[in-house]
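Asks: Numbered according to my numbering, the sequence shown spans residues 70 to 448.
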Amino acid sequence: MRRDIHRHPELGFQEFRTSELVAERLTQWGYSVTRGLGGTGVVGQLQRGTGAKRLGLRADMDALPIVEATGLAHASCHTGVMHACGHDGHTAMLLAAAQHLAEHGDFSGTLNLIFQPAEEGLGGAVKMMEDGLFARFPCDAIFGMHNMPGYPAGHLALRDGPAMASSDYVGITIHGNGGHGAMPHRAADPVVAASSLVMALQTVVSRNVDPLQMAVVTVGAFHAGEANNVIPPHATLRLSVRALDRDVRTLLQQRITALAQQQAASFGCTAEVEYRPGYCVLVNTRAETDFAREVALELVGPGRVTLQAPALPGSEDFAFMLEKVPGSYLLIGNGDGTDGGTFAGHACMVHNPGYDFNDASLPVGAAYWALLAERFLVE
Ligand SMILES: [Zn+2]
Ligand SMILES: [Zn+2]
Numbered sequence: 070m071r072r073d074i075h076r077h078p079e080l081g082f083q084e085f086r087t088s089e090l091v092a093e094r095l096t097q098w099g100y101s102v103t104r105g106l107g108g109t110g111v112v113g114q115l116q117r118g119t120g121a122k123r124l125g126l127r128a129d130m131d132a133l134p135i136v137e138a139t140g141l142a143h144a145s146c147h148t149g150v151m152h153a154c155g156h157d158g159h160t161a162m163l164l165a166a167a168q169h170l171a172e173h174g175d176f177s178g179t180l181n182l183i184f185q186p187a188e189e190g191l192g193g194a195v196k197m198m199e200d201g202l203f204a205r206f207p208c209d210a211i212f213g214m215h216n217m218p219g220y221p222a223g224h225l226a227l228r229d230g231p232a233m234a235s236s237d238y239v240g241i242t243i244h245g246n247g248g249h250g251a252m253p254h255r256a257a258d259p260v261v262a263a264s265s266l267v268m269a270l271q272t273v274v275s276r277n278v279d280p281l282q283m284a285v286v287t288v289g290a291f292h293a294g295e296a297n298n299v300i301p302p303h304a305t306l307r308l309s310v311r312a313l314d315r316d317v318r319t320l321l322q323q324r325i326t327a328l329a330q331q332q333a334a335s336f337g338c339t340a341e342v343e344y345r346p347g348y349c350v351l352v353n354t355r356a357e358t359d360f361a362r363e364v365a366l367e368l369v370g371p372g373r374v375t376l377q378a379p380a381l382p383g384s385e386d387f388a389f390m391l392e393k394v395p396g397s398y399l400l401i402g403n404g405d406g407t408d409g410g411t412f413a414g415h416a417c418m419v420h421n422p423g424y425d426f427n428d429a430s431l432p433v434g435a436a437y438w439a440l441l442a443e444r445f446l447v448e
């Protein structure tokens, strides 16, 4: 099933085949299945016994616009679309747990299996919540899992508190006054103003953010001008801005906006700042993370569990679900290249064209979900 999904990757909100497969299997195993939450999202619900507790387990289903370069037999058959983040594995692990829990699950309560679309930047989690995910399927706690190259296959890594960064998009347009390249005194040069701004932005993290806090300000795009002898009227910058703390995130917005406006003004230009909030900081709650740790230790033992892993500067839209429901997001190792003889792409980072989800992690991840459900859903 994992390799079948890998062979047929679908971009965000277009997971028609994948969600069909998920819905079909869940139905076949006796789940009550709701489709069309957030477009292609699926929820499978299974109630057993008289227990009052309600658990949510979430997997993501979308792929990325990448040309696959693994050369594997199960490589993508849609050129330019690839499961380069392992969401094929996440979906397969939760489905495997779903089958096991339906056939042998020893639990009492309500199990909600959430298969979300469009995690990769398009905000499928929020779309599912706007369609009433937690109103229709209330959860007392929610858990999600992402594979992580660099950890040995099947290794489990947890963290309480802020675990993944917020991610904001900033577009800055510097409006100057264009003119002849030979007569800069008759123009207001937005290229010089924008260049100065790029350098000034480097001081936000080094001079404004508390040294003990994490923040990233990256200017990833700088566009201005066409000809060597023309001073253009505008220059544009595009930034990626990250933080692990809500107050730091607010500070970054204030400082970036102020610097853009004041730097531009000092060169006789003006700045237009478009600040587009992306994913929020992912915060794992303490009690639910402690519970998830206990399940990890019980399943694989202390040698294969990292109890408090470092935070990641990447972002993840499960963060929005964790703003509504307590829970925890954990990592499962995809391979660190020391396990010998396995595909090199297991240690290669996600979003790389050579990446592949490690099937050796499938039984661990599926068994983890099953055990977590059995430990959580008790009378
Ligand atoms: Zn990804
Ligand atoms: Zn991912």
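Every residue, glycine too, gets a C-beta built ideally from N, C-alpha and C.
Among R205, L227 and G125, which has the Cα closest to the Cα of E363?
Replies: Cα-wise, what sits closest to E363 is L227.
Asks: Would you list the residues whose beta-carbon is nearer than 6 angstroms to any heavy atom of ligand 1, in the order they occur in the chain?
Replies: Taking each Cβ in turn, the ones that pass are C154, E189, V419 and H420.
Asks: Among Q271, F206, G190 and L95, whose alpha-carbon lies nearest the alpha-carbon of S236?
Replies: When each option's Cα is compared against that of S236, the closest is G190.
Asks: With distance defined between alpha-carbon atoms, name the residue in G192, H169, E448 and L80 nearest to Y348.
Replies: Considering only alpha carbons, the answer is G192.
Asks: Under 7 angstroms from any heavy atom of ligand 2, does the C-beta of R129 make it?
Replies: Here residue 129 is Asp; the residue named in the question, Arg, does not match the sequence. Result yes, Cβ under 7 angstroms from ligand 2.
Asks: Since H147 contacts D131 with CB under 8 angstroms, what's their CB separation in whole angstroms?
Replies: Not quite, the Cβ-Cβ distance comes to about 13 angstroms (not below 8 angstroms), so this is no contact.
Asks: Would you kindly check if the distance between the Cβ of G223 and the Cβ of A433 is under 8 angstroms?
Replies: In the sequence under discussion, the amino acid at residue 433 is Val, which differs from the Ala named in the question. Result yes, Cβ atoms of V433 and G223 sit closer than 8 angstroms.
Asks: In whole angstroms, give me the CA-to-CA distance for G81 and A251.
Replies: If I take the Cα positions, the gap works out to 49 angstroms.
Asks: Ordered along the chain, which non-local residues of its own chain (more than five positions away) have a Cβ less than 8 angstroms from that of A442?
Replies: So the list reads L124, L126, A166, L170, G174, F176 and L180, once near-sequence residues are dropped.
Asks: Indicate, with yes or no, if ligand 2 has a heavy atom lying under 7 angstroms from the CB of H156.
Replies: Because some heavy atom of ligand 2 lies under 7 angstroms away, the Cβ of H156 counts as near it: yes.
Asks: Rounded to whole angstroms, what's the CA-CA distance from L306 to N427? Just pull it up for me.
Replies: Going from the Cα of L306 to the Cα of N427 covers about 38 angstroms.
Asks: Would you check whether ligand 2 has a heavy atom nearer than 7 angstroms to the C-beta of H244?
Replies: The answer is no for H244.
Asks: If you measure between the beta carbons of V239 and V310, is that distance less than 8 angstroms?
Replies: Cβ atoms of V239 and V310: closer than 8 angstroms.
Asks: In angstroms with no decimal places, state the Cα-to-Cα distance between D200 and H159.
Replies: If I take the Cα positions, the gap works out to 23 angstroms.
Asks: Shortest alpha-carbon distance to L133 belongs to which of S430, W438, N421 and A436?
Replies: L133 has its Cα closest to that of N421, out of S430, W438, N421 and A436.
Asks: Between the region 282-298 and the region 205-214, do at least 3 Cβ pairs fall closer than 8 angstroms?
Replies: Verdict: no, contact absent.
Asks: Just list the residues that DSSP pairs D237 with in beta bridges.
Replies: Paired residues: V310 and P346.
Asks: Which residues does DSSP list as the beta-bridge partners of N216?
Replies: I401.
Asks: Terminal residues of the continuous alpha helix (DSSP H) containing I325?
Replies: It spans R315 to S335 - the alpha helix (DSSP H) in which I325 sits, taken as one unbroken run.
Asks: Please tell me whether M198 and L381 are closer than 8 angstroms, where the distance is taken between their beta carbons.
Replies: No.
Asks: Answer yes if the region 257-269 comes into contact with the region 292-301, meaning at least three C-beta pairs across the two stretches below 8 angstroms, and no otherwise.
Replies: Contact holds: three or more Cβ-Cβ distances are below 8 angstroms.
Asks: Do you know how far the Cα of H75 is from the Cα of Y437?
Replies: One C-alpha to the other measures close to 22 angstroms.
Asks: Would you check if there are 3 or more beta carbon pairs closer than 8 angstroms linking the region 338-347 to the region 213-221?
Replies: Verdict: no, contact absent.
Asks: Could you have a look at E341 and say whether DSSP puts it in helix, strand or coil?
Replies: Three-state result, E341: strand.
Asks: I believe I325 touches L270 by the beta-carbon criterion, under 8 angstroms. Please report the beta-carbon distance rounded to the nearest angstrom.
Replies: Yes, they are in contact, since the Cβ atoms of I325 and L270 sit about 7 angstroms apart, within 8 angstroms.
Asks: DSSP three-state call for G120: helix, strand or coil?
Replies: Three-state result, G120: coil.
Asks: Do G118 and E448 have their beta-carbon atoms positioned less than 8 angstroms apart in this structure?
Replies: Their beta carbons are under 8 angstroms apart, which means E448 touches G118 by this criterion.
Asks: With C-beta atoms as the reference, is E188 less than 8 angstroms away from D386?
Replies: Their beta carbons are under 8 angstroms apart, which means E188 touches D386 by this criterion.
Asks: What whole-angstrom Cβ distance do L446 and K122 have, given they're in contact under 8 angstroms?
Replies: 6 angstroms between Cβ atoms; contact.
Asks: Quick one: residues in its chain with C-beta nearer than 6 angstroms to the C-beta of H152, no 5 flanking neighbours on either side, listed in chain order?
Replies: So the list reads H75, P78 and A132, once near-sequence residues are dropped.
Asks: DSSP on T179, reduced to helix/strand/coil?
Replies: Reduced to three states, the DSSP call for T179 is strand.
Asks: Tell me which residues share the same chain as R444 and place their Cβ nearer than 7 angstroms to its Cβ, disregarding the 5 neighbours each side in the sequence.
Replies: Counting only Cβ-Cβ distances below 7 angstroms, and skipping sequence neighbours, we find V364.
Asks: Can you give me the Cβ contacts of T139 inside the same chain, cut-off strictly under 7 angstroms, excluding the 5 residues immediately before and after it?
Replies: Only G414, G423 and D425 meet the Cβ criterion.
Asks: For N403, count neighbouring C-beta atoms within 10 Å of its own C-beta (all shown protein chains included) and say buried if the count is 16 or more, exposed if not.
Replies: Buried is the call here.
Asks: When you compare each of D229, L163 and T103 to T375 by their alpha carbons, which one comes out closest?
Replies: Ranking D229, L163 and T103 by Cα distance to T375 puts D229 first.
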